[in-house]
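Asker:
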Amino acid sequence: MNKHQSLIQIDDYAKYIGKDSVARIKEKARPFRNLHVTHVNSTYYGGGVAELLSSLSLLMNSVGVRTGWRMIQGSPDFFSITKKMHNALQGGKINLTHRKLQIYEEVIYENSIRNHLDHDVVIIHDPQPLAMIDHYKKKGPWIWRCHIDLSNPNPELWKYLTPFIEKYDAVIFSIKEYKKRLKTPQLFFMPAIDPFSIKNRELSKEEIDERLCHYRIPTDLPLVVQVSRFDRWKDPEGVIQVYKLARKKVECTLVLLGDVALDDPEGEEVYKSLLKQQEERIIILSRQDTALVNALQRKAAVVFQKSIREGFGLTVAEAMWKGTPVIGGDAGGIRYQIEDGINGFLVSSINEAADRLVKLLKNKKLREQMGKKGKETVREKFLMSRLLEQYLDLFSSFETVYRLKA
Ligand code: UDP
Numbered sequence: 176m177n178k179h180q181s182l183i184q185i186d187d188y189a190k191y192i193g194k195d196s197v198a199r200i201k202e203k204a205r206p207f208r209n210l211h212v213t214h215v216n217s218t219y220y221g222g223g224v225a226e227l228l229s230s231l232s233l234l235m236n237s238v239g240v241r242t243g244w245r246m247i248q249g250s251p252d253f254f255s256i257t258k259k260m261h262n263a264l265q266g267g268k269i270n271l272t273h274r275k276l277q278i279y280e281e282v283i284y285e286n287s288i289r290n291h292l293d294h295d296v297v298i299i300h301d302p303q304p305l306a307m308i309d310h311y312k313k314k315g316p317w318i319w320r321c322h323i324d325l326s327n328p329n330p331e332l333w334k335y336l337t338p339f340i341e342k343y344d345a346v347i348f349s350i351k352e353y354k355k356r357l358k359t360p361q362l363f364f365m366p367a368i369d370p371f372s373i374k375n376r377e378l379s380k381e382e383i384d385e386r387l388c389h390y391r392i393p394t395d396l397p398l399v400v401q402v403s404r405f406d407r408w409k410d411p412e413g414v415i416q417v418y419k420l421a422r423k424k425v426e427c428t429l430v431l432l433g434d435v436a437l438d439d440p441e442g443e444e445v446y447k448s449l450l451k452q453q454e455e456r457i458i459i460l461s462r463q464d465t466a467l468v469n470a471l472q473r474k475a476a477v478v479f480q481k482s483i484r485e486g487f488g489l490t491v492a493e494a495m496w497k498g499t500p501v502i503g504g505d506a507g508g509i510r511y512q513i514e515d516g517i518n519g520f521l522v523s524s525i526n527e528a529a530d531r532l533v534k535l536l537k538n539k540k541l542r543e544q545m546g547k548k549g550k551e552t553v554r555e556k557f558l559m560s561r562l563l564e565q566y567l568d569l570f571s572s573f574e575t576v577y578r579l580k581a
């Protein structure tokens with residue numbers, strides 16, 4: 176293995192979480208060396224789940240758990256239905272016709288034929304592959320990990336999904352507010368970020384300037400940034416309105432950066448609708464460029480994540496880790512990330528958001544204070560090492576039922 180092929184090891188986290196924590200995690204992993212685990216989701220890129228899995232699957236391997244990552248395939252029809260399900264789980268409406276359910280179940284069946292999931296542990300992410308469990312004889316625990324904001328799911332859809340969910344051995348939601356009446360045991364894991372990834376690692380001033388210059392993003396005025404899939408729940412329209420109000424009081428440039436995930440067919444349409452609002456100081460970019468995300472989150476004076484629904488905002492943790500103050504929508508998991516007025520601001524309206532933005536833009540000291548506290552919050556609570564440890568604890572809890580230890 177040459178030096179370019181070395182992977183991040185749990186020991187690399189010692190500088191953030193301390194040697195004792197690293198030793199504890201390694202000890203917990205020891206009984207699961209050679210355990211065969213797979214994660215299954217519906218996209219390799221775009222969105223928080225793919226982001227998480229690309230780091231978590233490697234970190235699990237680094238402690239000896241043989242962990243893979245599968246992706247289900249489907250026609251645009253299928254992803255249009257699963258996106259509707261996603262929206263309805265976040266409280267939107269859905270017309271659950273027989274035809275839609277037939278397409279969903281057929282594509283799931285086809286995927287179950289293609290994927291031979293005979294692992295010791297199977298972890299299924301989000302609703303897209305949820306129903307696969309119907310087609311397997313379980314060899315070990317199956318876990319459903321739902322990343323969506325489930326504070327107010329559509330009852331009809333929830334009723335349809337429940338029999339699938341209850342076949343699982345455990346369900347993981349992001350926060351305890353999403354707890355449901357289910358026969359299956361429920362756990363709560365908040366997601367986490369990888370401080371070593373291209374998106375989050377330190378960047379020099381030159382590297383930051385190079386990325387911004389490459390996309391002709393002006394840096395003469397403070398940058399206000401939102402990085403998000405183009406999705407209405409992320410309220411990009413609202414961010415533009417906030418910006419227009421705030422710039423009457425303080426000069427700044429707005430950048431909305433988004434990408435379009437494979438499993439999100441609505442992204443293109445949302446992006447196009449936003450383009451009408453593009454002007455010299457309102458920059459709307461659709462790019463797949465993780466180094467650009469990093470550079471923008473570092474260079475920004477303020478980062479927004481003005482979501483109306485949000486299971487947990489990885490982008491919030493990413494910006495906080497970079498010492499940039501975040502204004503987040505007072506919704507879902509963001510409430511667990513931002514302590515209002517301490518390490519960022521939580522907002523519920525356009526006016527409130529504009530007020531907080533002006534306040535931050537006018538006060539460098541406040542930005543620095545909040546940024547520093549935000550970074551500390553992420554170090555304490557939202558690094559990948561914590562998530563790994565929670566999964567190891569979960570594997571331990573199955574010990575008596577499935578004899579998982581090697
Ligand atoms: N992201 C990205 N490029 C973009 C937009 C988003 O890399 O143009 C990443 C972002 O940095 C984060 C993830 O996609 O890591 C989004 O996760 P989040 O939990 O914020 O939202 P989700 O898309 O899962 O709803």
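Read in order, the letters of the sequence shown correspond to residues 176 to 581 in the numbering used here. Ideal Cβ placement from N, Cα and C applies to all residues, glycine included. Please read these numbers as outputs of a predicted model, since none were measured by experiment.
1) Evaluate contact between the region 439-451 and the region 408-424, counting only Cβ atoms and requiring at least three cross-stretch pairs below 8 Å.
2) How big is the Cα-Cα spacing for lysine 547 and phenylalanine 557?
3) Threshold first: 4 residues or longer. Then list the alpha helix (DSSP H) segments lying entirely within the region 406-475, N to C.
4) Give the single residue among Tyr188, Leu569 and Tyr566 whose Cα lies nearest to the Cα of phenylalanine 371.
5) How big is the Cα-Cα spacing for lysine 534 and valine 400?
6) Can you give the Cα-Cα distance for lysine 419 and alanine 528, rounded to whole angstroms?
7) Cβ atoms of isoleucine 373 and asparagine 469: under 9 Å apart, would you say?
8) Return the chain-ordered list of same chain residues with a C-beta closer than 8 Å to the C-beta of leucine 182, the five sequence neighbours on each side being excluded.
9) Over the uninterrupted alpha helix (DSSP H) stretch that includes glutamine 544, give me the two end residues.
10) What is the DSSP secondary structure of methionine 559, reduced to helix, strand or coil?
11) Is it the case that the Cβ atoms of tyrosine 219 and methionine 260 are separated by a distance below 9 Å?
12) For asparagine 526, which residues of its own chain have a beta-carbon under 8 Å away from its beta-carbon, when the five flanking residues on both sides are left out?
13) What did DSSP end up calling glycine 504 once you bin it into helix, strand or coil?
14) Between the alpha carbons of asparagine 216 and valine 282, how many angstroms are there, rounded?
15) In whole angstroms, what is the alpha-carbon distance linking glutamine 658 and alanine 492?
16) Kindly list the residues whose CB is nearer than 7 Å to the CB of valine 501, restricted to its own chain and excluding five residues on each side of it in sequence; keep chain order.
17) For valine 435, count neighbouring Cβ atoms within 10 angstroms of its own Cβ and tell me buried if that reaches 16, exposed if not.
18) Between which two residues does the alpha helix (DSSP H) harbouring methionine 246 extend?
19) Return the CA-CA distance between glycine 243 and leucine 398, expressed in angstroms with no decimal places.
20) Can we count leucine 432 as close to ligand 1, meaning its CB is less than 8 Å from some heavy atom?
21) Residue range of the alpha helix (DSSP H) that arginine 386 falls in?
22) For valine 282, which three-state DSSP category applies?
23) If you run the structure through DSSP and keep just helix, strand and coil, what is arginine 210?
24) Less than 8 Å between the CB atoms is what I'm expecting for histidine 369 and serine 230, so what's the real figure, rounded?
25) If distances are taken between C-alpha atoms only, which option among Ser524, Arg320 and Thr499 comes closest to isoleucine 517?
26) If you compare alpha carbons, which of Ala475, Asn375, Thr465 and Pro393 is closest to glycine 221?
27) How should isoleucine 256 be labelled, buried or exposed, when 16 other C-beta atoms within 10 angstroms of its C-beta is the threshold for buried?
28) Provide the residue span of the beta strand (DSSP E) that contains leucine 228, from first to last.
29) Using the Cα positions of alanine 306 and leucine 489, report the straight-line distance between them to the nearest angstrom.
30) Please report the Cβ distance between leucine 387 and lysine 497, rounded to the nearest whole angstrom; I am assuming they are in contact, meaning their Cβ atoms lie under 8 Å.
31) Check whether the Cβ of leucine 233 lies closer than 8 Å to any heavy atom of ligand 1, and answer yes or no.
32) If you draw a straight line from the alpha carbon of isoleucine 192 to that of valine 240, how long is it in whole angstroms?
33) Name the DSSP bridge partner or partners of histidine 300?
34) Hey, would you say the C-beta of alanine 506 is under 8 Å away from at least one heavy atom of ligand 1?
35) Straight-line CA distance for lysine 334 to lysine 355?
36) How long is the line joining the alpha carbons of serine 403 and proline 360, rounded to whole angstroms?
Answerer: According to the structure data:
1) Touching, yes.
2) The residue you call residue 547 lines up with position 372 of the sequence shown. The residue you call residue 557 lines up with position 382 of the sequence shown. Cα to Cα, lysine 547 sits roughly 15 Å from phenylalanine 557.
3) 411-421, 442-450 and 465-474
4) Here residue 371 is taken as the residue at index 196 of the sequence shown, counted from 1. Residue Tyr188 is the option with its Cα nearest to phenylalanine 371.
5) For the purposes of this step, residue 534 is identified with residue 359 of the sequence shown, where counting begins at 1. For the purposes of this step, residue 400 is identified with residue 225 of the sequence shown, where counting begins at 1. In a straight line, the C-alpha of lysine 534 is about 16 Å away from that of valine 400.
6) In the sequence shown, the residue the question calls residue 419 occupies position 244. In the sequence shown, the residue the question calls residue 528 occupies position 353. The C-alpha of alanine 528 is placed about 11 Å away from the C-alpha of lysine 419.
7) Against the sequence shown, residue 469 aligns to sequence position 294. Against the sequence shown, residue 373 aligns to sequence position 198. Yes, these two residues count as a Cβ contact at 9 Å.
8) Against the sequence shown, residue 182 aligns to sequence position 7. So the list reads Leu233, Asn236 and Ser237, once near-sequence residues are dropped.
9) Residue 544 sits at position 369 when you count from the first residue of the sequence shown. That run of the alpha helix (DSSP H) goes 539-556.
10) Working through the sequence shown from its first residue, we reach residue 559 at position 384. Three-state DSSP puts methionine 559 in a helix.
11) Position 44 of the sequence shown, counted from the start, is the residue given in the question as residue 219. Position 85 of the sequence shown, counted from the start, is the residue given in the question as residue 260. Not closer than 9 Å, so no.
12) Start at 1 with the first residue of the sequence shown, and residue 526 comes out as number 351. Cβ within range, chain order: Leu420.
13) As a position in the sequence shown, residue 504 is number 329, starting the count at 1. Glycine 504: strand per DSSP, three-state reduction.
14) As a working note, residue 216 is residue 41 in the sequence shown. As a working note, residue 282 is residue 107 in the sequence shown. Straight-line Cα distance between these residues: approximately 14 Å.
15) This structure gives no information on residue 658, because the portion of the chain shown stretches from 176 to 581.
16) Within the sequence shown, the letter at position 326 stands for residue 501. If you ignore the 5 residues before and after valine 501, its C-beta comes within less than 7 Å of the C-beta of Val478, Gln480, Val491, Ala494, Met495, Ile513, Gly519 and Gly549, all in its own chain and listed in chain order.
17) By 1-based counting over the sequence shown, the position of residue 435 is 260. Buried.
18) The sequence position of residue 246 within the sequence shown is 71, counting from 1. Unbroken run through methionine 246 is the beta strand (DSSP E), 241-246; no alpha helix (DSSP H).
19) As a position in the sequence shown, residue 243 is number 68, starting the count at 1. As a position in the sequence shown, residue 398 is number 223, starting the count at 1. Glycine 243 and leucine 398 have their C-alpha atoms spaced approximately 39 Å apart.
20) Looking up residue 432 in the sequence shown gives position 257. Within the cutoff, so yes.
21) Counting from 1 along the sequence shown, the entry for residue 386 is found at position 211. From DSSP, the alpha helix (DSSP H) with arginine 386 extends over 380-389.
22) Within the sequence shown, residue 282 is the residue found at index 107, counting from 1. Note: valine 282 maps to helix in three-state DSSP.
23) For the purposes of this step, residue 210 is taken as the residue at position 35 of the sequence shown. Residue identity check: residue 210 is leucine in the sequence provided, not arginine. In the structure shown, leucine 210 sits in coil (DSSP, three-state: anything other than H, G, I, E or B).
24) Looking up residue 369 in the sequence shown gives position 194. Looking up residue 230 in the sequence shown gives position 55. It should be pointed out that residue 369 corresponds to aspartate in this sequence rather than to histidine. Right, the Cβ-Cβ distance comes to about 4 Å (below 8 Å), so this counts as a contact.
25) Position 342 of the sequence shown, counted from the start, is the residue given in the question as residue 517. Considering only alpha carbons, the answer is Thr499.
26) One-based indexing of the sequence shown puts residue 221 at position 46. If we check each option's Cα against that of glycine 221, Thr465 comes out closest.
27) By one-based count along the sequence shown, residue 256 stands at place 81. Around the CB of isoleucine 256, 16 or more other CB atoms lie within 10 Å, so the residue is classed as buried.
28) As a working mapping, residue 228 is identified with position 53 in the sequence shown. Taken as a continuous stretch (DSSP letters only), leucine 228 belongs to no beta strand (DSSP E), being part of the alpha helix (DSSP H) at 223-237.
29) By 1-based counting over the sequence shown, the position of residue 306 is 131. By 1-based counting over the sequence shown, the position of residue 489 is 314. One C-alpha to the other measures close to 26 Å.
30) Translated into positions along the sequence shown, residue 387 becomes position 212. Translated into positions along the sequence shown, residue 497 becomes position 322. About 14 Å separates the two Cβ atoms, so there is no contact after all.
31) As a working note, residue 233 is residue 58 in the sequence shown. For ligand 1, not one heavy atom lies less than 8 Å from the Cβ of leucine 233.
32) Within the sequence shown, the letter at position 17 stands for residue 192. Within the sequence shown, the letter at position 65 stands for residue 240. For isoleucine 192 and valine 240, the distance between alpha carbons rounds to 21 Å.
33) Looking up residue 300 in the sequence shown gives position 125. Per DSSP, Arg320.
34) Here residue 506 refers to the residue found at position 331 of the sequence shown. No, since every heavy atom of ligand 1 falls outside the 8 Å radius drawn around the Cβ of alanine 506.
35) Residue 334 sits at position 159 when you count from the first residue of the sequence shown. Residue 355 sits at position 180 when you count from the first residue of the sequence shown. One C-alpha to the other measures close to 11 Å.
36) For the purposes of this step, residue 403 is identified with residue 228 of the sequence shown, where counting begins at 1. For the purposes of this step, residue 360 is identified with residue 185 of the sequence shown, where counting begins at 1. Serine 403 and proline 360: Cα-Cα distance of roughly 32 Å.
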